[in-house]
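A.B. asks:
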Amino acid sequence: MASKPRRVVISGVGLVTPLGVGRQAFWTQLLAGVCAADQVQAFDTAGYRVHRGCEVRDFDFSGLVGRPPTPGMGRAAQFAVAAASLALADGGVEPDSIDPRRIGVCVGTTCGEIQILEAHDSATMAGTVAHDGWLSHHPACVIPASIGHWFGFAGPNIIIPTACAAGNFSIGYAIDLIRNGRADLMLAGGTDPFSRVAFTGFARLGSLAPRVCQPFDRNRRGILVGEGAGIVLVESLDRAQARGASGYAELIGSGFTSDARHMTTPNADGDGIARAMEIALGSADLGLADVDYICAHGTGTPINDLVETRAIKRVFGARAPGIPISSIKSMLGHTMGAASAIETIACALALHEGAVPATINYETPDPVCDLDYVPNESRRRPLRVVLNNALAFGGVNSCLALARLDGGP
Amino acid sequence: MKSRGDEVSISGRGVLSPWGTGTALFADGLSAGTPALGSLPGPECAVGPCGAVTDFDPSIVLPKSRGLREFDRTSLLLAGATALALEDGGVVLDGRDDVGAVVGSTFGTISSIMRFDLEALREGPLYASPLAFPNTVLNAPTGRIAALFGFRGVNATISTGETSGLDALVYGTEWLRARRAPCLVAGSAFGLSSALVRAFPDVLGEGAAVFLLERADAARERAAHEYARVAGFGTAFLPRGLAAAPLAVGAIHEALASASMTPASIDAVVAGGRDPEGRPGLEEEALRTALDGASPPICTFRQWIGDTLDASSGLEIAAALCALERGARSVLVSAFSRSGQSSFVVLTAAERTA
Chain A
5 MASKPRRVVI
15 SGVGLVTPLG
25 VGRQAFWTQL
35 LAGVCAADQV
45 QAFDTAGYRV
55 HRGCEVRDFD
65 FSGLVGRPPT
75 PGMGRAAQFA
85 VAAASLALAD
95 GGVEPDSIDP
105 RRIGVCVGTT
115 CGEIQILEAH
125 DSATMAGTVA
135 HDGWLSHHPA
145 CVIPASIGHW
155 FGFAGPNIII
165 PTACAAGNFS
175 IGYAIDLIRN
185 GRADLMLAGG
195 TDPFSRVAFT
205 GFARLGSLAP
215 RVCQPFDRNR
225 RGILVGEGAG
235 IVLVESLDRA
245 QARGASGYAE
255 LIGSGFTSDA
265 RHMTTPNADG
275 DGIARAMEIA
285 LGSADLGLAD
295 VDYICAHGTG
305 TPINDLVETR
315 AIKRVFGARA
325 PGIPISSIKS
335 MLGHTMGAAS
345 AIETIACALA
355 LHEGAVPATI
365 NYETPDPVCD
375 LDYVPNESRR
385 RPLRVVLNNA
395 LAFGGVNSCL
405 ALARLDGGP
Chain B
599 MKSRGDEVSI
609 SGRGVLSPWG
619 TGTALFADGL
629 SAGTPALGSL
639 PGPECAVGPC
649 GAVTDFDPSI
659 VLPKSRGLRE
669 FDRTSLLLAG
679 ATALALEDGG
689 VVLDGRDDVG
699 AVVGSTFGTI
709 SSIMRFDLEA
719 LREGPLYASP
729 LAFPNTVLNA
739 PTGRIAALFG
749 FRGVNATIST
759 GETSGLDALV
769 YGTEWLRARR
779 APCLVAGSAF
789 GLSSALVRAF
799 PDVLGEGAAV
809 FLLERADAAR
819 ERAAHEYARV
829 AGFGTAFLPR
839 GLAAAPLAVG
849 AIHEALASAS
859 MTPASIDAVV
869 AGGRDPEGRP
879 GLEEEALRTA
889 LDGASPPICT
899 FRQWIGDTLD
909 ASSGLEIAAA
919 LCALERGARS
929 VLVSAFSRSG
939 QSSFVVLTAA
949 ERTA
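Line by line, the protein sequences are chains A and B. Start counting at 1 in the first sequence, then tack on 4, and there's your number in our numbering. Start counting at 1 in the second sequence, then tack on 598, and there's your number in our numbering.
Structure (structure tokens):
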């Protein structure tokens with residue numbers, strides 16, 4: 005007879021986002037419904053029709069972690085190291101106090117250290133050399149390696165770059181590594197810097213919103229490219245309790261599927277993300293009535309929001325209209341490989357604090373997106389179980405299920 | 599503790615290497631130590647020596663699909679190896695929702711990103727091809743094969759560089775042990791480009807190795823041929839400032855212990871022949887220390903085909919299967935990445951743990 009799987013919790017969170025750095029700043033802005041959209045500063049957008057995005061302004065790596073980055077460390081790794089440092093501090097863990105072999109790192113990304121490659125390309129066009137060591141510092145594997153080197157952690161060190169669902173995959177794998185005993189603690193999440201390549205690509209797909217991101221709104225035009233990092237500290241409930249950590253939420257289930265059809269467009273019937281939600285519910289032994297909130301992928305593109313709405317209706321049937329669903333991308337933009345990690349943290353804080361973030365910029369209801377998207381105002385309400393959806397290029401679908409820890413609101 | 603239901607088999611394989619398309623050419627080249635370095639085909643032939651897969655013809659190996667025009671070189675090689683592995687494994691995917699793919703790929707998309715970005719810089723962003731954009735995400739090769747072959751289960755990419763083939767095998771093994779699916783494909787791939795051949799200090803090669811991983815009970819049920827069991831694994835990251843050799847030795851011991859084996863029971867080692875940056879000789883030192891006086895033959899092959907980066911540890915698994923076919927009972931596969939990852943897998947002959 006199979007033994008019951010080890011219970012796994014989020015015991016610390018670290019955030020570097022366009023809404024703010026650190027848990028308190030992020031959560032306050034999120035509940036206030038602040039929109040981070042602004043003129044792009046990372047590069048000149050004169051050649052584009054859209055000029056807005058969501059960037060992390062005034063990022064001070066040294067101020068956050070106490071010393072400057074190592075030579076060549078890119079913005080994605082700097083975000084990730086800073087978020088990891090914040091997660092450790094938030095979770096009350098001193099890096100030097102742990103057996104380095106028992107703490108691992110698992111992060112996600114979309115394009116890795118893309119700004120390093122972009123600088124190399126710009127230099128190539130100009131006939132100069134921008135970054136002498138671009139080949140050493142660009143590949144995605146340097147991101148978890150940077151965290152491992154920075155803190156001296158020798159446990160599993162993995163990057164799962166499943167694009168916009170990478171955070172969910174990384175946290176999902178961290179759950180597995182804790183459950184099967186390969187690590188005692190995991191730092192898991194996602195990171196991505198503001199990318200010219202992504203901005204260009206989404207512009208050419210006609211998927212950039214001109215002004216703000218309006219998920220589920222009838223007049224939604226697309227995404228706003230964003231950047232940031234979200235890292236969670238993951239450990240077993242037993243271990244967290246033994247060291248007196250209170251924790252934010254329990255990670256109780258996960259589901260991962262593939263559309264197996266198109267690289268950029270989700271299946272119109274929402275089958276892939278519906279199956280991911282069903283698997284996540286089944287893996288946590290949950291019923292439909294247990295779910296109190298869904299943190300939607302909610303990119304703000306016409307097709308994504310329609311497909312996700314259809315999938316939620318398929319899974320939850322008559323219960324779907326009664327479940328609050330929101331997209332925090334309306335505030336943060338789409339932070340790519342960091343998105344679902346930041347959204348997982350939003351879910352954990354929602355459970356811990358008893359509040360549902362809103363979908364802002366919601367103006368005109370769409371007859372085909374007719375569920376409760378928590379328009380414009382966050383809500384206070386106790387939550388027991390929440391789902392975090394994330395879809396991605398490559399036909400990737402994912403869903404994490406989280407539950408309130410005892411003692412929540 | 600591992601139960602019988604946790605056993606995972608390799609029941610299909612597909613290999614593309616500079617020695618040619620298919621397992622037989624790989625085994626022949628490996629056995630003879632045939633040098634396979636040449637030049638890139640076509641107008642880029644002058645960029646330098648490299649190990650290209652020159653005989654691979656997608657129109658013969660792959661199912662017909664208009665989408666193939668949008669595959670980059672890494673995705674094409676991955677698709678080729680996947681087609682060979684599925685055919686070899688004899689698994690029918692029709693109607694299955696749970697069969698997925700786990701692929702090691704890190705460096706293979708760099709050229710696609712550069713092409714897209716340079717085109718946008720050269721022509722203006724409004725002239726960049728939207729069809730080329732999907733190849734700029736690191737999980738593009740996995741997404742491509744999922745669509746081509748109909749993998750509707752997990753769709754994951756591991757980007758740990760040179761260890762990613764082993765890390766994908768470990769991820770896939772854990773996925774099956776958790777009983778989320780009866781089987782999946784796992785492997786790694788890297789396709790050459792002139793930009794990377796120019797940029798890398800080492801001689802590069804390309805290739806792909808994909809394996810059908812299957813729960814042993816499912817493989818037995820359909821009377822599949824089992825090439826090997828994934829008996830155990832261990833990994834360690836090697837942070838600067840900590841002594842690397844003891845950590846790597848510990849990971850090798852973890853792999854052996856999880857396979858319930860001792861150093862003396864390892865018949866052969868397939869090694870990557872690569873050390874992390876700034877730590878020359880580490881792999882050799884770690885293997886010698888961990889094997890504790892045992893001296894199984896150690897095979898490396900990058901000197902003949904070039905450094906195949908992500909594909910390299912996938913090809914090492916293929917080499918280990920060759921060793922098992924030639925009579926070895928257990929093989930340790932070792933890989934280190936430039937960035938500091940070390941991964942080890944123990945493969946055993948199937949009947950050993952049956």
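Every residue gets a Cβ at the ideal spot worked out from N, C-alpha and C, and that includes glycine. Values in this document were obtained by computation on a predicted structure and should not be read as measured data.
Looking at A88(A): is its Cβ nearer than 8 Å to the Cβ of G185(A)?
C.D. replies: no
A.B. asks: For a cutoff of 8 Å on Cβ pairs, would you count L285(A) as touching chain B?
C.D. replies: no
A.B. asks: Check the Cβ-Cβ distances between I162(A) and every residue of chain B, and say whether any is below 8 Å.
C.D. replies: So, interface residue.
A.B. asks: Are the segment 862-879 of chain B and the segment 922-942 of chain B touching, with three or more C-beta to C-beta distances below 8 Å?
C.D. replies: yes
A.B. asks: Where E122(A) and P799(B) are concerned, what is the direct C-alpha to C-alpha distance, given to the nearest angstrom?
C.D. replies: 21 Å
A.B. asks: Pull out every residue of the segment 256-276 of chain A whose Cβ sits closer than 8 Å to any Cβ of chain B, in chain order.
C.D. replies: F260, T261, S262, D263, A264, R265, H266, M267, T268 and G276
A.B. asks: Whose Cβ in chain B lies nearer than 7 Å to the Cβ of F30(A)?
C.D. replies: Those do not exist, as F30(A) stays about 26 Å from chain B at its closest Cβ, beyond 7 Å.
A.B. asks: Can you tell me whether I346(A) is buried or exposed? The criterion is at least 16 other CB atoms within 10 Å of its CB, across all chains shown.
C.D. replies: buried
A.B. asks: Please tell me whether R720(B) has its Cβ less than 8 Å away from any Cβ of chain A.
C.D. replies: yes
A.B. asks: For the segment 143-160 of chain A and the segment 72-89 of chain A, state whether three or more C-beta atom pairs, one from each stretch, are separated by less than 8 Å.
C.D. replies: Cβ pair count under 8 Å is three or more, so yes.
A.B. asks: Could you give the residue range of the alpha helix (DSSP H) that holds T348(A)?
C.D. replies: Start and end: A343 to E357.
A.B. asks: Let's test the definition: count the other Cβ atoms within 10 Å of the Cβ of H823(B) and tell me whether it reaches 16, buried, or not, exposed.
C.D. replies: Burial check for H823(B): the Cβ neighbour count within 10 Å stays below 16, so the residue is exposed.
A.B. asks: Taking L736(B) as the query, report the chain A residues whose CB atoms sit under 8 Å from its CB, ordered along the chain.
C.D. replies: T113, T114, C115, G116, A144, P165 and A167
A.B. asks: Please compile the residues from chain A whose C-beta is within a distance smaller than 8 Å of the C-beta of P861(B).
C.D. replies: Residues of chain A passing the Cβ test: none, with the nearest at roughly 20 Å.
A.B. asks: Is it the case that the Cβ atoms of M281(A) and N393(A) are separated by a distance below 8 Å?
C.D. replies: yes
A.B. asks: Work out the CA separation of V295(A) and G358(A) for me, nearest whole Å.
C.D. replies: 14 Å
A.B. asks: Determine whether the Cβ of M599(B) lies closer than 8 Å to any Cβ atom of chain A.
C.D. replies: For M599(B), the predicted model reports a pLDDT of 46, less than 50, meaning its position is unreliable; a value from the coordinates is still stated below. No, no contact with chain A.
A.B. asks: Quick one: residues in its chain with C-beta nearer than 8 Å to the C-beta of L794(B), no 5 flanking neighbours on either side, listed in chain order?
C.D. replies: F705, I708, S709 and L802
A.B. asks: In whole angstroms, give me the CA-to-CA distance for A91(A) and A178(A).
C.D. replies: 15 Å
A.B. asks: Who does M190(A) pair with in a DSSP beta bridge?
C.D. replies: G108(A) and V238(A)
A.B. asks: Could you compute how far the alpha carbon of P647(B) sits from the alpha carbon of R796(B)?
C.D. replies: 10 Å
A.B. asks: If you count every other CB in all the chains shown that lies within 10 Å of the CB of A324(A), and 16 or more means buried, which is it?
C.D. replies: buried
A.B. asks: In the DSSP assignment, what are the bridge partners of H338(A)?
C.D. replies: V229(A), per the DSSP bridge assignment.
A.B. asks: I believe R215(A) touches G304(A) by the beta-carbon criterion, under 8 Å. Please report the beta-carbon distance rounded to the nearest angstrom.
C.D. replies: R215(A) to G304(A), Cβ: 11 Å. No contact.
A.B. asks: Identify the continuous beta strand (DSSP E) that holds V801(B) and give its terminal residues.
C.D. replies: No beta strand (DSSP E) holds V801(B); DSSP gives it neither H nor E.
A.B. asks: Would you give the residue range spanned by the beta strand (DSSP E) that Y297(A) belongs to?
C.D. replies: V295 to C299
A.B. asks: Using only CA atoms, which one of F63(A), G95(A) and V38(A) lies nearest to G248(A)?
C.D. replies: G95(A)
A.B. asks: Would you mind sorting L724(B) into buried or exposed? The rule is 16 or more other CB atoms within 10 Å of its CB.
C.D. replies: exposed
A.B. asks: Can you tell me which residues form a DSSP beta bridge with G636(B)?
C.D. replies: C648(B)
A.B. asks: What is the DSSP secondary structure of D254(A), reduced to helix, strand or coil?
C.D. replies: According to the sequence shown, residue 254(A) is Glu rather than Asp. Looking at E254(A) - three-state DSSP - the assignment turns out to be strand.
A.B. asks: Just mark A622(B) as buried or exposed, buried being the case when its beta carbon has 16 or more other beta carbons within 10 Å.
C.D. replies: Around the beta-carbon of A622(B), fewer than 16 other beta-carbon atoms lie within 10 Å, marking it exposed.
A.B. asks: Spatial neighbours of V311(A) within its chain, please: C-beta separation below 6 Å, excluding the five flanking residues on both sides.
C.D. replies: P270 and G274
A.B. asks: Can you give me the Cβ contacts of A300(A) inside the same chain, cut-off strictly under 6 Å, excluding the 5 residues immediately before and after it?
C.D. replies: E312, I329, S331 and N393
A.B. asks: Let's see if you can read the secondary structure: which residues bound the alpha helix (DSSP H) around R318(A)?
C.D. replies: P306 to F320
A.B. asks: Locate the alpha helix (DSSP H) running through G286(A), then write down its first and last residues.
C.D. replies: D275 to S287
A.B. asks: Got a sec: which bits of the segment 930-951 of chain B sit with their beta carbon under 7 Å from any beta carbon on chain A, in order along the chain?
C.D. replies: S935, S937, G938 and Q939
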